Structure formats: structure tokens, C-alpha cells
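In my numbering, the protein residues as written are 108 to 635.
Backbone N, C-alpha and C fix where the C-beta goes; we use that ideal spot for every residue, glycine too.
As the structure is a prediction and not an experimental result, all values here were calculated from the model.
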């Protein structure tokens with residue numbers, strides 16, 4: 108078996124080539140040590156272990172606490188991290204990771220290939236992205252610094268899946284004690300090997316991380332500590348950024364974006380997060396009548412005015428999403444039914460489904476949930492749907508949740524009719540798209556899985572084929588067919604791509620604006 112090898116020097120030569128190299132080098136040369144970086148957040152994390160939990164509330168602190176085998180910067184080129192080099196066999200069925208020697212966990216224990224094997228097995232068994240490591244057959248550990256990942260079939264996104272919050276290397280000596288990984292006490296007081304150590308969490312208020320003095324990357328991190336300050340109120344977060352109480356905040360609200368762009372002392376970047384692909388959508392509980400009939404789901408889609416949402420509610424800042432794969436992805440297809448506003452079609456479909464209007468013009472009632480603390484992208488749309496769907500005889504009740512965990516519990520346990528949601532593509536459909544549509548991913552209690560209860564055997568087969576196809580052209584064809592099929596079944600009505608703009612104080616050097624945005628290790632970030 109032959110291998111293609113990737114070494115640190117070769118990868119860095121590719122990254123530092125071209126016009127961006129001088130600016131990058133200059134930025135690193137100005138790096139200063141010390142100081143506390145304050146990141147603002149709107150979400151209350153359930154815990155800090157990304158191995159068993161997805162979402163930015165866990166991923167932002169998690170990527171500072173836990174290191175991963177690889178990392179990505181401002182482009183789609185993998186960079187060394189815990190793996191100083193790697194090799195991929197020509198048949199794509201074996202990936203050899205050569206680990207950095209001398210790397211330690213925060214408790215001083217050495218990191219070995221056994222930890223890599225244990226971490227991958229834990230993620231595969233417990234993470235909601237079930238398809239992400241479905242191709243992994245085993246992990247061999249011939250020595251302490253070599254891990255060989257064996258695949259059952261080629262995995263076109265395997266390197267991407269070993270970065271950001273997707274494969275945190277967790278300590279086997281902590282998590283391998285037989286306790287349930289999802290409820291392990293270490294999730295609340297994690298031991299990782301990343302640039303920052305967990306110090307304290309004041310529930311619902313702030314997370315404090317401090318510099319890892321024994322970090323395996325020489326000269327890093329530059330910051331003494333990171334504080335993630337949780338501010339649920341959107342106006343309060345904007346004021347905090349304007350008054351210099353926070354250094355970094357990623358804004359999605361169009362009015363706040365315009366306001367912060369005018370604020371003194373702040374820079375902004377609408378780049379970054381390219382690997383995230385965040386989509387706002389309306390999800391249907393397909394296992395619950397009357398939403399178990401696709402004609403009803405299609406009728407609701409025809410009754411919604413996507414253009415109004417984008418132009419009026421979002422002031423034209425967001426962009427339309429018409430399917431499960433975010434526009435801009437090389438695998439996106441616009442050749443689908445887009446359900447442009449058509450009340451006549453909506454009424455005809457509802458009549459055909461047997462839901463006639465009564466004397467008051469009412470057909471049936473539905474409840475809609477939404478993620479709290481994201482008003483423009485969630486609550487505003489939910490409230491817009493109430494009078495809009497009444498036009499076709501559907502009486503909508505808007506149900507609020509006091510916090511994110513409450514909403515997540517309701518939705519993950521399928522205790523909803525419809526819900527607004529924000530879900531990420533996570534770089535490649537294998538990682539972030541398949542999870543929503545494959546039948547085997549209907550797992551009660553797991554958020555951002557197939558919480559719609561959607562079942563289609565043909566879709567399952569298409570995604571299996573696309574998930575192992577290494578030829579880009581053939582993958583595009585498979586995903587085009589998939590997108591057309593789910594756009595007809597419509598377990599979800601896709602609305603828009605979130606506008607994510609990162610604002611950061613002028614004294615912040617090397618802000619996290621790579622393809623993973625704030626879900627990247629901030630060991631290069633510094634305060635000028």
C-alpha cells in the first residue's frame with residue numbers, strides 16, 4: 108500500500124505562498140503576550156466537551172480547551188496541530204497520523220495514540236453527527252505517537268472532520284473510567300490539551316480559561332486568559348461592544364450589524380465561517396399529523412414569503428437558502444422547487460389533503476417554537492408566520508423558551524409541531540448535512556440530529572453513495588438528486604443563510620476569522 112505524505116514544512120509553504128503571505132508574517136511578528144480577551148456570547152452551554160455535543164456554545168470554549176489532530180486557517184488547506192504530519196494511502200482507506208512528541212494534557216499526562224483512538228471511538232459513538240465517522244472501521248496504534256485510521260470506504264471529508272470542534276482529543280485516563288461520556292462529570296470541568304485551561308464557569312454568566320503554560324506549540328498562546336461573557340439580551344451585547352466591554356462578538360442581526368459598523372474602535376470581517384454554512388430554516392415534525400403529509404408541508408412553504416423575510420425582516424442583509432446545502436458550497440444545486448409565495452397553491456394543497464376550512468376560515472392549529480436570543484433570525488420569523496399562515500386557514504401559536512437548553516430539550520425529544528432552527532453545514536455534507544436527513548439519525552434526546560423524524564430509503568441510499576464518492580463531479584450529481592428529492596418531501600423549509608459578521612476591537616491581533624471562525628484555537632490571537 109502506498110501513501111501520500113503531508114509534512115509540516117510542505118503544508119506551511121503552501122499556506123504562506125501568494126499575496127497573503129507578507130501580511131500574515133507581519134501580523135505574527137507583532138504578536139504580544141499577556142492580557143485577557145473577552146468574547147461575548149448569547150448562549151448558555153450545557154457543558155464543554157465537543158466530543159459528544161455540537162453547537163457554538165460548546166465549540167467556542169471547547170476548541171480552546173481541546174486540541175485536534177489537524178486545524179484550518181483562512182483557506183481550506185489542512186494544517187498540522189497534534190499531528191505534526193500525516194499520510195493518506197492511495198486507495199483512501201488508511202490515514203496515518205504522526206503525533207507531536209512531548210504534548211501533554213492539562214493535568215500533565217502525555218498524549219498518546221491511545222488517546223486519539225479512544226477519542227475517535229467516543230465521537231463516533233456519541234456525537235450527533237453520526238455520519239461523520241461512519242466510514243471509520245478501526246484505529247491502530249503501532250506506537251505511542253502513531254495512529255492509523257482504517258476506513259471501510261473512502262471518506263472525502265476525513266481531514267476536515269479532524270479539525271475544529273469535530274475531533275477533540277480527550278484524555279482516555281479521565282474519560283475511560285466506564286462512566287457515560289455524555290454525562291461524565293469531566294464535561295463540566297474538562298481536561299484537554301489545547302492552548303487554554305478551564306478555570307471556572309459561573310452558570311449563565313461567564314466562562315474563564317487561562318493560558319496553558321505547557322502548550323505543545325512553542326511560544327503560544329499569547330493571551331493570559333480568555334473570558335467568554337454570556338449576555339442574553341441583544342441590545343446589551345451591542346452596548347457592551349460599543350463601550351469596549353467585549354473584544355469579539357459575531358453578529359447576525361442586520362440592524363446591529365449596521366450599528367456596530369459605525370462604532371468607533373471596532374473592526375469587522377464578513378469573511379470566516381466559510382466551513383460553517385449556517386442556515387435558518389423552519390422544521391416540521393414529520394411524524395405528527397397533519398405534518399406527516401408532505402402536501403401540508405408544501406402548502407406551508409407556498410404560504411411563506413421568503414423574499415419578504417430577507418428584504419423586510421433582514422433588511423436585505425441575509426441571502427436566500429433553497430435547500431439543505433448552503434449556497435456557495437461546490438455541492439450546492441439550485442435546481443429544486445423553491446416554493447415562491449403562492450397562496451392559491453397553498454390553499455389547493457390543503458384542500459387536497461382533506462383539511463377544509465370551517466365557517467371561520469380555520470383548517471387546523473399548529474404550534475411553532477424558536478431558538479431564544481436570536482430575535483431577527485428566529486423569533487421575528489416565527490411571529491411573522493402567525494398572521495401569514497392564517498391567510499390559508501392555519502392557526503399558529505408561537506411558543507417561547509426561557510433559554511436554549513429548554514428549546515433543545517423540546518425539539519430533540521420531538522415534542523413540537525414546527526420549530527425555527529439554525530443549523531450548520533459543517534464544511535461538508537458528510538459532516539453537517541447527512542445528519543438531518545438519514546433515517547438512522549432519528550435519535551431522541553439528540554439536538555441537531557434528524558429531529559424531524561424524516562424517513563426516505565432512497566435519500567438514505569443517495570447519501571451513502573455521496574458520502575464515499577471521491578470524484579467531485581460524481582458527488583455533485585448525487586447531491587443534486589438528493590437536494591431535489593428532499594425539496595419535494597420538504598421535511599424542512601429552508602429560508603436564508605445567516606449573515607455572520609465578526610466585530611473585534613482595534614487592539615485585537617489575529618482575530619479568529621478563518622473558515623471555522625470563533626470555533627478555532629485562538630493561540631495566535633493577541634492584544635496589541
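The beta carbon of residue 398 is closer than 8 angstroms to those of 391, 392, 404, 473, 524, 525 in its chain, skipping five residues each way along the sequence. Taking all protein chains shown into account, residue 170 has 16 or more neighbouring C-beta atoms within 10 Å of its C-beta and is therefore buried. Bounds of the alpha helix (DSSP H) holding residue 582 are 579-596.
Per DSSP, residue 455 lies in no beta strand (DSSP E) segment; the continuous alpha helix (DSSP H) that holds it begins and ends at 450-459.
For residue 478, same chain residues with a beta-carbon under 7 angstroms away, outside a window of 5 residues either side, are 485, 511, 514, 527, 528, 529 in chain order. Here residue 443 carries a coil assignment [DSSP, helix/strand/coil].
Within the segment 486-561, the complete alpha helix (DSSP H) segments of 4 residues or longer fall at 487-497, 511-519, 536-539, 541-544, listed in chain order.
Classified as buried, residue 288 has 16 or more neighbouring CB atoms from the shown chains inside 10 Å of its CB.
Cα atoms of residue 307 and residue 587: separation of roughly 46 angstroms, rounded to the nearest angstrom. A buried status is given to residue 483, since no fewer than 16 other beta-carbon atoms sit within 10 Å of its beta-carbon.
Membership of residue 170 in any beta strand (DSSP E) is not indicated; the residue belongs instead to the alpha helix (DSSP H) covering 163-172. For residue 212, there is no enclosing alpha helix (DSSP H), since its DSSP letter is neither H nor E.
When DSSP states are grouped into helix, strand and coil, residue 186 belongs to the strand group.
Between the segment 533-547 and the segment 568-582 there are three or more C-beta pairs closer than 8 angstroms, enough to call the two in contact.
At the C-beta level, residue 295 and residue 226 stay beyond 9 angstroms of one another. Along the segment 322-402, the alpha helix (DSSP H) occurs as fully enclosed runs of 4 or more residues at 341-349, 361-368, listed in sequence order. Check the Cα spacing between residue 605 and each of 491, 448, 358, 178: the tightest is with 358. Here the segment 539-550 makes contact with the segment 415-435; the two share three or more CB pairs at distances below 8 angstroms.
Under the three-state reduction of DSSP, residue 630 is assigned to coil, being neither helix nor strand. With a threshold of 16 other beta carbon atoms within 10 Å, residue 330 meets it and is buried. CA-to-CA, the gap between residue 248 and residue 286 works out to about 24 angstroms. If you draw a 10 Å sphere on the C-beta of residue 350, you find fewer than 16 other C-beta atoms in it, and that means exposed.
By the beta-carbon neighbour count (other beta carbons within 10 angstroms, threshold 16), residue 183 is exposed. As the crow flies, the alpha-carbon of residue 154 is around 14 angstroms from that of residue 335.
Its Cα nearest to that of residue 419, the residue 360 stands out among 401, 337, 276, 360.
Sequence-distant Cβ neighbours of residue 356 in its own chain, meaning closer than 7 angstroms and more than five residues away, are 147, 344, 348, 610.
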